[in-house]
Structures are given as C-alpha cells and as structure tokens.
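Residue numbers (the UniProt record's numbering): 1 to 170.
Put into structure tokens, the structure is as follows:
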C-alpha cells in the first residue's frame, strides 16, 4: 500500500515535470497562449501594433485567426497614406476579422488628435463557428495590444460608418 506522503511526493514531482514542459512550450518565440480560448498570438501582431502606435508606420492592421495553427496572425497592413475607405474595403464580406485603425480627427476646439480603434468585424454572413471563435478570443487578444482607446463591434458596414467612428472618437 502507498502512503499518503509517498503519493504526494510522486504527484508533486509529476507536476514539476509537466510545468517544465508546459513552460518550454509557452516560451516559444512566436506564440503566447490565450488562456481564454487556447488561441496563441503571434509576436508579429504585437510588433506591428507597436509600430502603428509609436512610429505611425501603418494606418491600420487587419488580423485573422489561422485555425490550422491556432494563432492570431497579421492579415494585412495598411500604409500611412491609405484611407478609412481603403480599410473598410479590405474587410471580407463573409469572414470575421480583428483590426486596429489609427484615426486622425480634429476636435470642436480645432485640435488635431488621433485615437486607436479596435474593431471586431463579424459579418452576419460568416460561419457561426468562426463568430464564436473570434468572440471567445477577442478580450484576451485585445489585452495583448496595449494602447487601444476605442472599441467598436460591427456586423455590417453601416455599424462602422465614418459618422459612427467620428462620434466615438469625440
């Protein structure tokens, strides 16, 4: 018969080995686990977001979930000269996406300002499974992008019109 203390020592040793293996997997350079949904966030997503935020290297970034590798990855980078219309045109009509958009505007006091929008795009025509996957991964992914100022959820283009974006920015 195995004593309680022997069992505890064995379980503790097994836990230590499992933690070491799990820690090694979680420290892979490209991926950080998303505990809420199991999604990983590729480091490129965070690096490109930092470039948008600090250097204004991009006007927008569109992200997608690559289901084969279970990662959020960069789908498209919008150059600084591209417009909001260019951004909305690149969102697929039948697939979900996350996006960030660096919105420049002038306040009522005639001050030039900029706000970074996080947009969760889930069109009505997208697959239900895809909508659920994006919804369950959104909050964790958004936390990876430090500096989001406004969040917007849209299921069709009218829910993210320029008028709505301007109103949310002010």
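Even glycine gets a Cβ: it sits at the ideal position worked out from N, Cα and C.
Across the structure, residue 45 and residue 158 are spaced so that their CA atoms are roughly 27 Å apart.
Scanning the UniProt domain "ADF-H" (36-170) for uninterrupted alpha helix (DSSP H) segments of 4 residues or longer gives 43-50, 84-89, 128-144, 162-169, listed from N- to C-terminal end. Straight-line spacing of the CA atoms in residue 145 and residue 49 works out to 7 Å. Using a 10 angstroms sphere on the CB of residue 52, the tally of other CB atoms reaches 16 or more, which defines it as buried.
Residue nearest to residue 103 within the set 97, 59, 85 is 59 (criterion: CA-CA distance).
Listed in chain order, the non-local C-beta contacts of residue 95 below 6 Å within the same chain comprise 126, local neighbours out to five positions each way being set aside. With a beta-carbon spacing of about 11 Å, residue 141 and residue 99 fall beyond the 8 Å limit used to define contacts.
Rounded to the nearest angstrom, the Cβ distance from residue 160 to residue 119 is 6 Å, consistent with a contact under 8 Å.
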